[in-house]
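J.:
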Amino acid sequence: MNAKSPIYDIAVIGAGIAGASVAAELSREQSVVLLDMEAMPGYHTTGRSAAVFAAVYGPAPIRALTRASEDFFLNPPEGFATEPLFHPRPILMIARPDQQASLAQTIMEVGGQTPVERLDEASLRQHNPLVKEGYANGAMLDVSGQDIDVAALHQGYLRQMQSHGGQLLCNHAVVALTRNEQCWDITTQVGTLQARVIVNAAGAWAERIGQLANAEPVGLVPKRRTAALIDAPEGLPSDVLSRLPITIDIDEAFYLKPDAGRMLMSPADETPFEPCDVQPDELDIALCADRIQRAFDLRVQRIASKWAGLRSFVADKCPVVGYSQTAPDFFWLAGQGGFGIQSAPALSRLAGSAVLGRPIPDDIAAQGLVMDEVHVSRLGLGESQ
């Protein structure tokens with residue numbers, strides 16, 4: 047990169063699923079460079095996701111974006127992936143007797159858009175016989191749930207961007223942003239490049255990138271989520287194990303799902319954390335094991351592997367999308383929390399349209415999404431120029 051380097055139309059900062067997908071979308075019409083601070087894109091949250099497509103999961107705008115993403119997962123563009131992006135995984139949200147109000151509220155909120163079924167104890171144990179007798183007396187079942195092949199989705203977007211002429215630059219941590227009359231000077235640890243528009247898709251680091259651009263703060267808080275793989279119960283046939291639903295506490299105190307012959311467990315923790323290469327906490331692992339053993343007929347005798355990732359939220363847990371009100375040509379695409387994988391196809395098209403000054407795509411609007419629900423201006427932290 048030197049004085050003769052081109053001025054890109056758009057620089058996307060962050061090559062996780064948000065950055066890769068919006069870069070692929072924008073590169074159809076614009077010259078795009080995708081910057082990542084790591085040697086491998088998606089190293090942090092995207093690469094540590096246990097992603098499940100759950101249209102019943104998250105606040106209303108996320109559910110709308112998820113529903114609008116389903117067709118892409120089922121029918122990706124030709125050559126996007128060599129294997130299906132979806133693999134069936136029913137979603138079972140279980141409730142103890144003291145959680146029946148939460149169960150009823152959840153069914154009321156999601157039942158209008160996603161077909162779900164309320165189950166009694168006998169029925170829920172037919173779907174997951176590992177649930178302890180007497181532990182949960184009700185559940186919500188969503189048979190439309192799917193496991194998502196995260197690596198295939200992420201790599202598909204990266205290939206798509208590069209096939210359109212977009213450039214991926216890894217090991218390019220952004221250290222300074224300066225606005226001149228024509229464009230942004232983007233200084234990385236390698237050198238400086240220029241772009242007319244910056245899309246801030248930096249995940250847990252998005253608030254820091256915003257500060258470099260003198261953009262308004264959005265109140266983004268990275269939160270640690272811990273997971274571990276444990277052995278499946280002895281004697282459980284592999285075909286039975288593979289068909290088990292992901293089973294989630296209705297108040298999201300834990301979840302358990304099959305994973306490559308083992309079981310993946312998480313305490314569904316959301317511990318505020320500074321952006322970093324986050325590692326699992328032993329107390330969270332122990333807490334998770336205790337919750338899982340209370341709810342299921344299995345013993346956690348050995349942790350096969352464990353990890354943690356950062357999911358970043360603003361106060362209302364909805365994404366932050368739109369041009370900054372204080373920094374010119376600086377676009378926010380942040381705050382996807384734990385919903386970034388399942389909503390990526392629709393959110394990237396929504397963001398791509400907004401970057402180019404176009405309205406919400408019709409199919410996304412048809413799901414009930416209103417731009418004000420996700421636009422950065424809803425946070426009331428900037429001033430219009």
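The numbering of the sequence shown is this note's numbering, which starts it at 47 and goes up by one. Even for Gly, the Cβ is constructed at its ideal location relative to N, Cα and C. Treat the numbers as computed from the prediction; the structure is a model and nothing was measured.
#1: Take the Cβ of Ala273 as the centre, count every other Cβ of all protein chains shown within 10 Å, and call the residue buried at 16 or more, exposed below.
#2: Determine whether the beta carbon atoms of Leu223 and Leu275 lie at a separation below 9 Å.
#3: Whose C-alpha, out of Asp305, Ile294, Leu187, Glu124, is nearest the C-alpha of Cys434?
#4: Helix, strand or coil: how does DSSP classify Val366 here?
#5: For Ala100, I'd like the list of residues in its chain whose CB is within less than 6 Å of its CB, leaving aside the five on either flank, ordered along the chain.
#6: If we ignore side chains and look at the alpha-carbon of each, how far apart do Gly368 and Lys269 end up?
#7: To the nearest angstrom, report how far apart Arg23 and Glu167 are at their CA atoms.
#8: For the beta strand (DSSP E) containing Leu223, name the first residue and the last one.
#9: Do you know offhand how far Leu165's Cα is from Gln159's?
#10: Between the alpha carbons of Val189 and Val102, how many angstroms are there, rounded?
#11: Using DSSP bridges, identify the partner residues of Leu165.
#12: Give the DSSP bridge partners of Trp230, in chain order.
#13: For the structure I just gave you, are there three or more beta carbon pairs, one from the stretch 245-254 and one from the stretch 102-120, closer than 8 Å?
#14: Using the beta-carbon count (16 or more within 10 Å), is Ala332 buried or exposed?
#15: Any contact between the stretch 320-332 and the stretch 286-306? By contact I mean 3 or more CB pairs, one from each, below 8 Å.
#16: Could you please give me the residues that DSSP links to Met154 through a beta bridge?
#17: Hey, would you say Lys178 sits closer than 9 Å to Asp343, going by beta carbons?
#18: Are there 16 or more other CB atoms within 10 angstroms of the CB of Pro291, so buried, or fewer, so exposed?
#19: Just the C-alpha distance for Gln447 and Ala97, rounded to the nearest angstrom, thanks.
#20: Since Gln145 is in the alpha helix (DSSP H), which residue starts that stretch and which ends it?
#21: Would you call Glu328 buried or exposed, if buried means 16 or more other Cβ atoms sit within 10 Å of its Cβ?
#22: Below 9 Å between beta carbons: does that hold for Asn260 and Ala390?
#23: Verify the contact flag: Tyr103, CB atom, against every heavy atom of the ligand PLP, threshold strictly below 8 Å.
#24: Name the residue from Ile53, Asp409, Glu419, Ser423 whose alpha carbon lies nearest to the alpha carbon of Glu227.
#25: Once DSSP output is grouped into helix, strand and coil, what is the label at Met311?
#26: Quick one: is His133 buried, meaning 16 or more other Cβ sit within 10 Å of its Cβ, or exposed?
#27: Consult DSSP for Leu415 and reduce its assignment to one of helix, strand or coil.
#28: Would Glu129 be called buried (16 or more neighbouring beta carbons within 10 Å of its own) or exposed?
#29: Compute the beta-carbon to beta-carbon distance between Thr234 and Val220, rounded to the nearest angstrom, for a pair I have assumed lies under 8 Å.
T.: Per the coordinate set shown:
#1: buried
#2: no
#3: This structure gives no information on residue 434, because the portion of the chain shown stretches from 47 to 431.
#4: strand
#5: Ile137, Gly191
#6: 23 Å
#7: A question about residue 23 goes unanswered here, because the residues of the chain that appear run from 47 up to 431.
#8: 220-225
#9: 18 Å
#10: 11 Å
#11: Ala185
#12: Arg225, Ala241
#13: no
#14: exposed
#15: no
#16: Met154 is not bridged to any residue.
#17: yes
#18: buried
#19: Nothing can be reported for residue 447: it is not among the residues displayed for the chain, which extend from 47 to 431.
#20: It is not in any alpha helix (DSSP H) - Gln145 carries neither H nor E in the DSSP assignment.
#21: exposed
#22: no
#23: In terms of ligand content, the structure shown is empty, and the ligand PLP therefore cannot be addressed.
#24: Ile53
#25: strand
#26: exposed
#27: coil
#28: exposed
#29: 5 Å
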